[in-house]
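Peer 1:
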Amino acid sequence: MSKTKETIKKLISKGEIARKITRLARQISKDYKDKNPFFVCLLKGGWVFSADLLRKIKIPVLIDFLMVSSYEDKTASTGRVEVKSPLSSSVEGKDILIVEDIVDSGLTVSKIKEYLYTLKPNSVKICALLDKPCRRKVEVELDYVGFEIPDKFVVGYGIDYAHKYRQLPYIGYVEFAGGSPSSEREVSAACKPR
Ligand code: IMP
Ligand code: MG
Numbered sequence: 004m005s006k007t008k009e010t011i012k013k014l015i016s017k018g019e020i021a022r023k024i025t026r027l028a029r030q031i032s033k034d035y036k037d038k039n040p041f042f043v044c045l046l047k048g049g050w051v052f053s054a055d056l057l058r059k060i061k062i063p064v065l066i067d068f069l070m071v072s073s074y075e076d077k078t079a080s081t082g083r084v085e086v087k088s089p090l091s092s093s094v095e096g097k098d099i100l101i102v103e104d105i106v107d108s109g110l111t112v113s114k115i116k117e118y119l120y121t122l123k124p125n126s127v128k129i130c131a132l133l134d135k136p137c138r139r140k141v142e143v144e145l146d147y148v149g150f151e152i153p154d155k156f157v158v159g160y161g162i163d164y165a166h167k168y169r170q171l172p173y174i175g176y177v178e179f180a181g182g183s184p185s186s187e188r189e190v191s192a193a194c195k196p197r
């Protein structure tokens, strides 16, 4: 079996990300101005996005972190979404905004949304930096989206492939040479070239 070697190609620049975050933050600040916004950052992928988004928000917000896992070093979700460490503060009566790096099958955000509703918040909405709509397996409403992207496995800006590339300041996609782990992925009909 040949060894997989990957290269990273740029997809979204640092500047484009910054401009988009400024726009998202403006909209969120407006929509939540009379509420009790409580950001729930999904770790690990959502940390860089949350940090930049939070610093552009103009209203007081609370933030907490949920460590979730579903990938186990592969390029497609295992479908088992696990909360590895719970929130450290109460969200009862709060208006939660889940801050996520990327929505692919939709399983993670929909299961986390369900879980958060058991903690009796007033509302739960979702803000995702990236959305791969053609990979969806479950229907989920995304309230704020940075960029819709094609069916590429992306890294950078907090997002990893097998724990690598989180430190890149831009979003890139992975090109695999010598045997692609993309065979692990079930590409939905909508993603296939016509
Ligand atoms: P989903 O449950 O399939 O929607 O996947 C959501 C999670 O999988 C995200 O929180 C990411 O951490 C991870 N993920 C999805 N697509 C990618 C990707 O292209 N690169 C890296 N991680 C991804
Ligand atoms: Mg994530």
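Each residue of the sequence shown is one higher than the one before, counting from 4 in our numbering. Even for Gly, the Cβ is constructed at its ideal location relative to N, Cα and C.
Tell me whether V157 is buried or exposed, calling it buried when 16 or more other Cβ atoms sit within 10 Å of its Cβ.
Peer 2: Buried, because 16 or more other Cβ atoms sit within 10 Å of the Cβ of V157.
Peer 1: Going by other Cβ atoms of all chains shown within 10 Å of its Cβ, with 16 needed for buried, is E187 buried or exposed?
Peer 2: Low per-residue confidence applies at E187: pLDDT is 47, beneath 50, and the placement is therefore not dependable enough to give any value.
Peer 1: Taking the continuous alpha helix (DSSP H) assigned at Y35, which residues delimit it?
Peer 2: Here Y35 belongs to no alpha helix (DSSP H), and DSSP marks it neither H nor E.
Peer 1: Given a threshold of 16 other Cβ atoms within 10 Å of its Cβ, counted over all protein chains shown, does L56 qualify as buried or as exposed?
Peer 2: Buried, since its Cβ has 16 or more Cβ neighbours within 10 Å.
Peer 1: Just checking L45 against the ligand MG - is the residue's beta carbon closer than 7 Å to any of the ligand's heavy atoms?
Peer 2: Under cutoff, so the answer is yes.
Peer 1: Taking buried to mean at least 16 other C-beta atoms within 10 Å of its own C-beta, is L65 buried or exposed?
Peer 2: Exposed.
Peer 1: Under DSSP, the alpha helix (DSSP H) around F150 begins and ends at which residues?
Peer 2: Premise fails: F150 lies in the beta strand (DSSP E), 147–151, not in any alpha helix (DSSP H).
Peer 1: On the DSSP letters alone, give me the boundaries of the beta strand (DSSP E) that S53 sits inside.
Peer 2: First-last for S53: 50–57, but that is the alpha helix (DSSP H), not the beta strand (DSSP E).
Peer 1: Closest to R169 by CA distance: which of G49, P40, N39, L100 is it?
Peer 2: Checked all of G49, P40, N39, L100; the closest Cα to R169 is G49.
Peer 1: Assuming contact is defined by CB atoms lying nearer than 8 Å, are G175 and K23 in contact in what I supplied?
Peer 2: No, these two residues do not count as a Cβ contact at 8 Å.
Peer 1: Is G49 near the ligand MG, with its Cβ less than 7 Å from a heavy atom?
Peer 2: At least one heavy atom of the ligand MG is nearer than 7 Å to the Cβ of G49, so yes.
Peer 1: Return the CA-CA distance between E189 and Y160, expressed in angstroms with no decimal places.
Peer 2: For E189, the predicted model reports a pLDDT of 47, less than 50, meaning its position is unreliable; a value from the coordinates is still stated below. Spanning the two alpha carbons is a distance of roughly 25 Å.
Peer 1: Please give me, in chain order, every unbroken run of the beta strand (DSSP E) with length at least 3 that falls completely inside the region 65–132.
Peer 2: Fully enclosed beta strand (DSSP E) runs of 3 or longer: 65–72, 85–88, 98–106.
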